[in-house]
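Heads up: the sequence lines are chains A and B, in that order.
Start counting the first sequence at 139; every next residue gets the next number (my numbering).
Start counting the second sequence at 139; every next residue gets the next number (my numbering).
Ideal placement from N, C-alpha and C gives every residue a C-beta, glycine not left out.
Since this is a predicted model, take the numbers as computed values, not measurements.
In what follows, a structure is listed as structure tokens, so that the remarks can point back to it.
Number of protein chains: 2
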Amino acid sequence: MSRRIRRTPYTSVVEKLGVKGFSVVNHMLLPKAFQSSIEDDYWHLKEHVQIWDVSCQRQVEVVGPDASRLVQLMTPRNISSCQVGQCMYIPIIDNNAGLINDPVLLKLADDHFWLSIADSDVLLYAKGIAIGKGYDVSIDEPDVYPLAIQGPKSEKLLSKIFGSHLREISFFKFGYIDFLNTRQIIARSGYSRQGGFEIYLKGAHLGEKLWQKIWNIGQEFNIKPGCPNLIERIEGGLFSYGNEMTRENNPLEIGLEKYCTLDDTINYIGRDSLKKIAKKGVQRQIRGILFGKNPCHTCSTPWPVKIGDETIGAITSAVWSPRLKANVGLSMIDKNYWDEGQCVNVLLDNKELMFGEVVNPPF
Amino acid sequence: MSRRIRRTPYTSVVEKLGVKGFSVVNHMLLPKAFQSSIEDDYWHLKEHVQIWDVSCQRQVEVVGPDASRLVQLMTPRNISSCQVGQCMYIPIIDNNAGLINDPVLLKLADDHFWLSIADSDVLLYAKGIAIGKGYDVSIDEPDVYPLAIQGPKSEKLLSKIFGSHLREISFFKFGYIDFLNTRQIIARSGYSRQGGFEIYLKGAHLGEKLWQKIWNIGQEFNIKPGCPNLIERIEGGLFSYGNEMTRENNPLEIGLEKYCTLDDTINYIGRDSLKKIAKKGVQRQIRGILFGKNPCHTCSTPWPVKIGDETIGAITSAVWSPRLKANVGLSMIDKNYWDEGQCVNVLLDNKELMFGEVVNPPF
Numbered sequence: 139m140s141r142r143i144r145r146t147p148y149t150s151v152v153e154k155l156g157v158k159g160f161s162v163v164n165h166m167l168l169p170k171a172f173q174s175s176i177e178d179d180y181w182h183l184k185e186h187v188q189i190w191d192v193s194c195q196r197q198v199e200v201v202g203p204d205a206s207r208l209v210q211l212m213t214p215r216n217i218s219s220c221q222v223g224q225c226m227y228i229p230i231i232d233n234n235a236g237l238i239n240d241p242v243l244l245k246l247a248d249d250h251f252w253l254s255i256a257d258s259d260v261l262l263y264a265k266g267i268a269i270g271k272g273y274d275v276s277i278d279e280p281d282v283y284p285l286a287i288q289g290p291k292s293e294k295l296l297s298k299i300f301g302s303h304l305r306e307i308s309f310f311k312f313g314y315i316d317f318l319n320t321r322q323i324i325a326r327s328g329y330s331r332q333g334g335f336e337i338y339l340k341g342a343h344l345g346e347k348l349w350q351k352i353w354n355i356g357q358e359f360n361i362k363p364g365c366p367n368l369i370e371r372i373e374g375g376l377f378s379y380g381n382e383m384t385r386e387n388n389p390l391e392i393g394l395e396k397y398c399t400l401d402d403t404i405n406y407i408g409r410d411s412l413k414k415i416a417k418k419g420v421q422r423q424i425r426g427i428l429f430g431k432n433p434c435h436t437c438s439t440p441w442p443v444k445i446g447d448e449t450i451g452a453i454t455s456a457v458w459s460p461r462l463k464a465n466v467g468l469s470m471i472d473k474n475y476w477d478e479g480q481c482v483n484v485l486l487d488n489k490e491l492m493f494g495e496v497v498n499p500p501f
Numbered sequence: 139m140s141r142r143i144r145r146t147p148y149t150s151v152v153e154k155l156g157v158k159g160f161s162v163v164n165h166m167l168l169p170k171a172f173q174s175s176i177e178d179d180y181w182h183l184k185e186h187v188q189i190w191d192v193s194c195q196r197q198v199e200v201v202g203p204d205a206s207r208l209v210q211l212m213t214p215r216n217i218s219s220c221q222v223g224q225c226m227y228i229p230i231i232d233n234n235a236g237l238i239n240d241p242v243l244l245k246l247a248d249d250h251f252w253l254s255i256a257d258s259d260v261l262l263y264a265k266g267i268a269i270g271k272g273y274d275v276s277i278d279e280p281d282v283y284p285l286a287i288q289g290p291k292s293e294k295l296l297s298k299i300f301g302s303h304l305r306e307i308s309f310f311k312f313g314y315i316d317f318l319n320t321r322q323i324i325a326r327s328g329y330s331r332q333g334g335f336e337i338y339l340k341g342a343h344l345g346e347k348l349w350q351k352i353w354n355i356g357q358e359f360n361i362k363p364g365c366p367n368l369i370e371r372i373e374g375g376l377f378s379y380g381n382e383m384t385r386e387n388n389p390l391e392i393g394l395e396k397y398c399t400l401d402d403t404i405n406y407i408g409r410d411s412l413k414k415i416a417k418k419g420v421q422r423q424i425r426g427i428l429f430g431k432n433p434c435h436t437c438s439t440p441w442p443v444k445i446g447d448e449t450i451g452a453i454t455s456a457v458w459s460p461r462l463k464a465n466v467g468l469s470m471i472d473k474n475y476w477d478e479g480q481c482v483n484v485l486l487d488n489k490e491l492m493f494g495e496v497v498n499p500p501f
């Protein structure tokens with residue numbers, strides 16, 4: 139490990155708690171596994187509460203007179219209805235309507251936004267546009283390190299620590315908590331379908347203290363350290379930038395129509411391309427694939443989805459589902475074959491063929 | 139590992155050759171270590187020849203009528219003298235003169251460039267600027283995977299395989315080789331001070347064949363698989379984006395004055411900021427630190443460099459040098475203390491204090 143791959147304010151704590159490996163997202167460490175198996179973590183997440191170091195969800199802060207104009211230019215989603223205190227999932231695209239990222243937007247004030255990003259340097263894209271356009275806006279990465287508390291017991295745990303006003307925060311809204319005389323943003327959000335919160339901790343020096351506070355009180359709720367769980371994510375139909383979508387994909391292929399403004403009411407980069415694609419209709423779209431009767435290994439290169447000799451898609455994430463007793467995967471699927479129930483074959487690493495069917499996620 | 143962290147055309151081969159770990163650069167795998175120690179690799183690299191998978195040096199292709207205008211806008215280095223067939227090291231900066239990347243520019247034609255990048259999404263910065271400016275230019279990542287052949291026997295090995303015309307390619311120039319009826323770019327360049335070449339292989343499907351060809355003929359030259367060697371890199375004073383420099387640093391702090399145009403002969407982003415910094419004079423600059431009599435461990439967070447209680451810098455990369463029998467490190471050092479021979483203390487991980495001195499790299 140070098141400094142280039144940044145540690146987080148929580149890295150020392152997760153090391154003490156026995157983290158077994160890291161991935162790298164946005165040039166920063168993301169814990170990948172702890173002592174227990176991914177399957178045990180999956181069941182635990184569905185029943186109790188977990189604490190995740192998701193500092194790698196870096197914030198791109200956009201602030202200034204042209205902030206809202208810049209953010210709108212980057213996304214096909216109309217952000218004019220976004221209220222202060224609201225989170226909004228916004229696909230970001232380029233001039234060809236290729237996906238560049240799919241962050242969560244936080245509106246802190248009318249001229250002040252955070253983009254909580256997936257794995258690509260959105261800051262550089264925003265800077266480039268702002269410089270090119272001559273916008274009056276400042277773009278930076280604040281000293282903020284999201285900590286996720288996920289699982290059905292999250293609300294009970296956090297309201298015990300920070301107060302019952304948390305219960306009033308509805309999904310994809312944010313409020314504030316006090317921690318050691320600082321005011322911190324907390325949103326009802328997170329990369330799971332089990333409910334929970336994300337604390338956007340400002341101030342790296344507070345990291346270990348915040349973790350420890352939640353960890354200590356969390357003991358009575360059977361808290362465990364965790365990380366985004368691959369089984370839960372795929373079953374829940376949560377897509378991952380870099381896996382299910384890249385710059386080769388447009389938002390309509392990812393099923394994001396409802397976030398795409400396809401008339402001319404707003405101006406954004408890639409609008410003409412996206413309208414053209416919409417008019418023609420997408421030729422492929424993301425689907426779930428339920429396949430095989432034995433656990434597959436890790437999908438590190440796309441696995442072709444086939445009907446006979448014809449390749450009709452490629453699985454980009456897959457894992458064994460202990461609940462469904464089959465593998466669950468996510469794949470682009472050609473238009474002619476994307477109906478639920480379509481029978482397919484999955485070719486794993488050019489070796490093993492598994493039988494499966496098309497499913498509309500969530501599984 | 140997930141698809142998000144991309145394998146390269148050579149990954150399967152390095153796995154067969156016993157790679158012991160990977161790092162991640164530009165969302166892609168970079169081998170970090172093989173069977174032998176970093177010290178054995180160091181001595182081998184200085185004497186023989188190594189083959190490195192540096193596919194993670196992604197190419198950002200800029201092509202079209204405004205290509206040269208866009209590239210010039212991104213760097214303070216005057217590129218007007220760059221010839222077709224030439225490589226040029228160009229720092230890329232933002233509006234505050236903060237470093238965004240430090241790629242090698244390859245000029246393929248007057249309207250056609252590749253930026254062979256360090257670890258940040260330069261493609262997004264370039265796209266943002268081009269879109270903002272309305273430039274007539276296309277920006278993409280081509281199907282190109284650099285393979286480095288480094289060490290004193292590189293030229294002998296490669297000219298035996300691809301022909302003696304390679305000997306005519308001078309430092310930071312590129313030419314062409316034929317491989318399986320394809321024409322491939324080869325440059326005399328690479329991330330070591332031991333001489334060598336980089337083949338910019340176009341066509342992922344050719345990767346294993348190219349490696350195998352070089353590997354087979356390389357046996358008589360005692361070829362080994364390798365990767366950028368930390369000892370050789372630090373001793374040689376080769377800086378690494380994300381380690382020695384980030385957006386917090388300007389090119390003058392990194393000693394890149396000779397690549398910075400500080401008058402108004404060219405127009406580039408950050409020019410006013412850089413001129414202002416130059417006029418005032420930099421307050422800190424990169425230096426080498428030779429310290430300690432016992433091997434240090436990995437520097438994964440910066441180590442303060444101190445004189446008494448005062449912190450005058452921070453080491454961002456460090457390793458034991460078997461040749462110098464001391465640790466070698468790279469650090470920003472405050473102006474008042476940056477003269478060669480200045481005695482300092484290095485505080486490793488808030489624990490151990492080692493005595494050292496300031497050195498002008500290369501060591």
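Alpha carbons only, please: which of B:Ile372, B:Gly334, B:Lys473 and B:Glu199 is nearest the one belonging to Phe501 of chain B?
Comparing Cα positions, the closest option is B:Ile372.
Per DSSP, what kind of secondary structure is Asp316 of chain A in: helix, strand or coil?
Note: Asp316 of chain A maps to strand in three-state DSSP.
Taking the alpha carbon of Pro169 of chain A as the point to measure from, which residue in A:Trp181, A:Ile189 and A:Asp178 has its own alpha carbon closest?
Nearest option by C-alpha distance: A:Ile189.
Should Pro365 of chain A be flagged as near chain B, meaning a C-beta pair shorter than 8 Å?
A small correction: the amino acid at residue 365 of chain A is Cys; Pro does not occupy that position in the sequence shown. No, Cys365 of chain A lies away from the interface with chain B (no Cβ there is under 8 Å from its Cβ).
So that I know if they touch, is there some Cβ in chain A lying closer than 8 Å to that of Pro440 of chain B?
Yes - at least one Cβ of chain A is within 8 Å of the one on Pro440 of chain B.
Rounded C-alpha distance that separates Pro433 of chain B from Cys194 of chain B
If I take the Cα positions, the gap works out to 29 Å.
Pair within 8 Å by beta-carbon distance, Leu183 of chain A and Ser330 of chain A:
Yes.
Within 8 Å of chain B by C-beta, residues of the region 413-436 of chain A in sequence order:
Taken in chain order, the members of the region 413-436 of chain A whose beta-carbon sits within less than 8 Å of a beta-carbon on chain B are Thr436.
Span separating the alpha-carbon of His435 of chain B from that of Leu491 of chain B:
Here the C-alpha atom of His435 of chain B lies approximately 13 Å from the C-alpha atom of Leu491 of chain B.
Val275 of chain A: contacting residues in chain B (beta-carbon distance under 7 Å)
Within 7 Å Cβ-Cβ: nothing; Val275 of chain A doesn't reach chain B, min ~11 Å.
At which residue ranges does the region 150-205 of chain B contain complete beta strand (DSSP E) runs of 3 or more residues, listed in the order of the chain?
Runs found: 159-163, 166-171, 188-191 and 197-201.
Can you list, in chain order, the residues of its chain whose CB lies under 8 Å from that of Leu368 of chain B, leaving out five sequence neighbours each side?
Once the five neighbours on either side are set aside, the close Cβ partners of Leu368 of chain B are Ile176, Ser455 and Val457.
Can you name the residues that DSSP bridges to Arg385 of chain A?
Arg385 of chain A pairs with nothing; no bridge assigned.
Measure the alpha-carbon distance for Asn465 of chain A versus Cys481 of chain A and round it to whole angstroms.
One C-alpha to the other measures close to 14 Å.
Tell me the rounded alpha-carbon separation between Pro440 of chain A and Ile453 of chain A.
Pro440 of chain A and Ile453 of chain A: Cα-Cα distance of roughly 5 Å.
From what residue to what residue does the beta strand (DSSP E) around Ile450 of chain A run?
Here the beta strand (DSSP E) through Ile450 of chain A covers Glu448 to Ser459.
So Phe429 of chain A is in the beta strand (DSSP E); what residue range does that whole segment cover?
Unbroken beta strand (DSSP E) run through Phe429 of chain A: Arg422 to Phe429.
Range of the contiguous beta strand (DSSP E) that encloses Glu336 of chain A
That run of the beta strand (DSSP E) goes Gly334 to Lys340.
Listed from N- to C-terminal order along the chain, which residues in the region 376-393 of chain B have their beta-carbon within a distance smaller than 7 Å of any beta-carbon of chain A?
So the list reads Ser378, Gly380 and Asn381, given in the order they occur along the chain.
For a quick check, are the C-beta atoms of Glu199 of chain A and Asp278 of chain A less than 8 Å apart?
Contact flag set, yes.
Grab me the residues of Asp204 of chain B's own chain with a C-beta within less than 6 Å of its C-beta, minus the 5 sequence neighbours each way, in chain order.
The residues are Tyr273, Asp274 and Val275.
Along the chain, where does the beta strand (DSSP E) that runs through Gly364 of chain B open and close?
Per DSSP, the unbroken beta strand (DSSP E) holding Gly364 of chain B starts and ends at Lys362 to Gly364.
Along chain A, which residues have their Cβ under 7 Å away from the Cβ of Val466 of chain B?
Here the premise fails: no neighbours, minimum Cβ distance about 15 Å.
What are the boundary residues of the beta strand (DSSP E) that includes Leu246 of chain B?
Boundaries of the beta strand (DSSP E) around Leu246 of chain B: Val242 to Ala247.
Best match in B:Ile307, B:Leu208 and B:Phe429 for proximity to Gly266 of chain A [C-alpha to C-alpha]:
Residue nearest to Gly266 of chain A within the set B:Ile307, B:Leu208 and B:Phe429 is B:Leu208 (criterion: CA-CA distance).
Run the CB neighbour count on Phe493 of chain A, radius 10 Å, all protein chains shown included, and call it buried at 16 or more, exposed below.
Phe493 of chain A counts as exposed, since fewer than 16 other C-beta atoms from the protein chains shown sit within 10 angstroms of its C-beta.
Please classify Tyr379 of chain B: does DSSP put it in a helix, a strand, or coil?
Look at Tyr379 of chain B here: in three-state DSSP terms it is strand.
So, does the CB of Tyr263 of chain B fall closer than 8 Å to a CB anywhere in chain A?
At least one CB atom of chain A sits nearer than 8 Å to the CB of Tyr263 of chain B.
So with CB distances below 9 Å, who are the chain A contacts of Met470 of chain B?
Those do not exist, as Met470 of chain B stays about 12 Å from chain A at its closest Cβ, beyond 9 Å.
Check whether the Cβ of Met492 of chain B lies closer than 8 Å to any Cβ atom in chain A.
It does not; no Cβ of chain A falls within 8 Å.
Which residues does DSSP pair with Gln288 of chain A in a beta bridge?
BP columns for Gln288 of chain A point to A:Gln188 and A:Gly334.
Would you give the residue range spanned by the beta strand (DSSP E) that Gly494 of chain B belongs to?
Counted as a single uninterrupted DSSP element, the beta strand (DSSP E) harbouring Gly494 of chain B occupies residues Glu490 to Val497.
Within this structure, are the beta carbons of Ala171 of chain B and Lys158 of chain B separated by less than 8 Å?
Judged by their CB atoms, Ala171 of chain B and Lys158 of chain B are nearer to each other than the 8 Å cut-off.
By DSSP, does Arg215 of chain B sit in helix, in strand, or in coil?
Coil, per DSSP.
What number of angstroms, rounded off, separates the C-alpha of Asp179 of chain A from the C-alpha of Thr399 of chain A?
Computed Cα separation, rounded: 39 Å.
Proximal residues, the region 222-235 of chain B versus chain A, C-beta separation under 9 Å:
Hits within the stretch, in order: Asp232 and Asn233.
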